[in-house]
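The sequence shown maps to residues 159 to 502 in this note's numbering.
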Amino acid sequence: MKSKILVTGGLGFIGSHTVVALQEKGFEVVIIDNLSNSSIDVLGGITKITGKTPEFEDLDLRDKYRVKTFFEKHQDIEGIIHFAASKAVGESVEKPLLYYENNLSSLIYLLQEFSLRKNSGFIFSSSCTVYGQADNLPITEEAPVKKAESPYGNTKQVGEEIIYDTCKSTPGFKAISLRYFNPIGAHPSAEIGELPLGTPQNLVPFITQTAIGKREKLSVFGDDYPTEDGTCVRDYIHVLDLAQAHVVALERLIGNKEKSEFEVFNLGTGKGKSVLEVINSFEKATGQKLPYEITGRREGDVIAAYADTTKANEELGWKAELSLENALASAWKWQKVVYEREQK
């Protein structure tokens, strides 16, 4: 039996796909999720895909006492992948204290308990938002971390600093921060996928909800940016590729292959795609015509961000394999399943 791994936020979008990838590699998984932005139904989806139900605890990581008792009960956890966090940029601007409490206190309580373990490995779910509008593209891990545009982005920056300081002060404790670009897509079985509550904040769920008729039309925020077609450019990575990167990073720490106690890797495809390119790719991949309109720019949007993936490719031996069209087709398949469920 391989190691027992704790996945916090394991019923969320990226978390659930990572749980599947871990179980398929033979890891024993324990999920913590407070279901504030996810559904217990996801547990059934994971079981259908892998044939195994991971252990699940409905637990709020802001409850320091319950975190402590969880680790007293689970003495044999060898690694943590920490996804659990609030993640809507706009909401974080409106409710900064909620974001600081949820994203930072939960991280601190986890580290206080887990850093006591010898040779423990910690994977942190970070974001390319830490780079802001980078001076140079593609973005390498050496790019400066800029002042955060939102409290959400700031929690990722401060979170990385907290983990770095913990690694420096705690012999045997090591961590990897994975800075994602833009995760999209769904598992090909359509048993799990992205389930945004309310109006989607991200492009692809908005595209699929518009195509299915849930939204009247897609708003494209600005076509006057200094890019090839005037729309913002992002690096869209299939969630399956992203999930595999977490497994590889975890195996790096468990196998003591890290080069320092705290490492950072960018996770993307290395290719930037504009909003209009994504719309065209979706129409091509699905045969669905998408109604959209150009509106004004959205505050806080950077012009372009895409990854230099050299370090992840060479150090982790990981590379994004799946195409944009594949990701969009899987997101559409998932949307149709969700829509059918909603009609019942």
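Every residue gets a Cβ at the ideal spot worked out from N, C-alpha and C, and that includes glycine.
- Separation of Ala306 and Glu252 (C-alpha to C-alpha, rounded to the nearest whole angstrom) is 15 Å.
- By a beta-carbon distance limit of 8 Å, Thr208 contacts Glu182. Their separation comes to about 6 Å.
- Between Asp387 and Leu434, the C-beta gap is smaller than 9 Å, which places the two residues in contact.
- In the same chain as Lys160, and ignoring 5 residues on each side of it, the C-beta atoms closer than 6 Å to its own belong to Gly184 and Phe185, in chain order.
- For Thr176, the closest of Pro449, Ala403 and Val422 by C-alpha to C-alpha distance is Ala403.
- Nearest in C-alpha terms to Gly167, of all of Val378, Ser283, Ser377 and Glu483, is Ser283.
- Remark: C-beta atoms of Asp393 and Lys429 approach each other more closely than 9 Å.
- Runs of the beta strand (DSSP E) lying entirely within the segment 411–440 and spanning at least 3 residues, in chain order: 420–425.
- For Asp323, no beta strand (DSSP E) run applies; the uninterrupted alpha helix (DSSP H) run containing it begins and ends at Pro309 to Ser327, by DSSP.
- With fewer than 16 other CB atoms across the displayed protein chains lying within 10 angstroms of its CB, Tyr223 is exposed.
- Residue pairing by DSSP puts Gly279 in a beta bridge opposite Gly237 and Lys332.
- As the crow flies, the alpha-carbon of Thr313 is around 6 Å from that of Asn261.
- Following the DSSP letters along the chain, one finds Lys162 in no alpha helix (DSSP H) but inside the beta strand (DSSP E) bounded by residues Lys162 to Thr166.
- In terms of Cα proximity to Val495, the closest of Gly351, Ile334 and Gly413 is Gly351.
- Under the three-state reduction of DSSP, Tyr257 is assigned to helix.
- Assignment of beta-bridge partners to Tyr223 by DSSP yields no partner.
- Counting C-beta pairs with one atom in each stretch, the segment 286–298 and the segment 334–346 have three or more that are closer than 8 Å, which means they touch.
- Just measuring C-alpha positions, the residue of Leu256, Ala463, Ser196 and Ser335 sitting nearest Arg220 is Leu256.
- Each residue's CA atom was taken as its position, placing Val288 and Val422 some 12 Å apart.
- DSSP places Arg455 outside both helix and strand once states are collapsed to three, so it counts as coil.
- For the options Glu259, Ile189 and Phe214, the alpha carbon positioned closest to that of Phe241 is the one of Ile189.
- With the rule of 3 Cβ pairs closer than 8 Å, the segment 193–205 does not count as touching the segment 364–372.
- The beta-carbon distance between Ala465 and Asn424, rounded to whole angstroms, is 4 Å. This is short enough to meet the 8 Å contact definition.
- Between Ile163 and Gly279, the alpha-carbon positions lie close to 10 Å from each other.
- A straight-line Cα-Cα distance of about 15 Å links Ala407 and Phe331.
- Separation of the CB atoms of Leu486 and Leu376 is rounded to 13 Å, and the pair is thereby denied contact status at 8 Å.
- Between the C-alpha atoms of Phe229 and Phe272 there is a straight-line separation of about 8 Å.
- Contact check for Asn484 against Gly343 passes: the beta carbons are separated by less than 9 Å.
- Taking the Cα of Leu480 as reference, the smallest distance to any Cα among His345, Asn277 and Val405 is reached at His345.
- In the DSSP annotation of this structure, the continuous segment of the beta strand (DSSP E) that includes Tyr394 starts and ends at Tyr394 to His396.
- The alpha-carbon of Leu201 is positioned some 11 Å away from that of Leu193.
- Assignment of Tyr267 by DSSP, reduced to helix, strand and coil, places it in the helix class.
- In this model, Glu215 and Gly454 are separated by some 43 Å (Cα to Cα).
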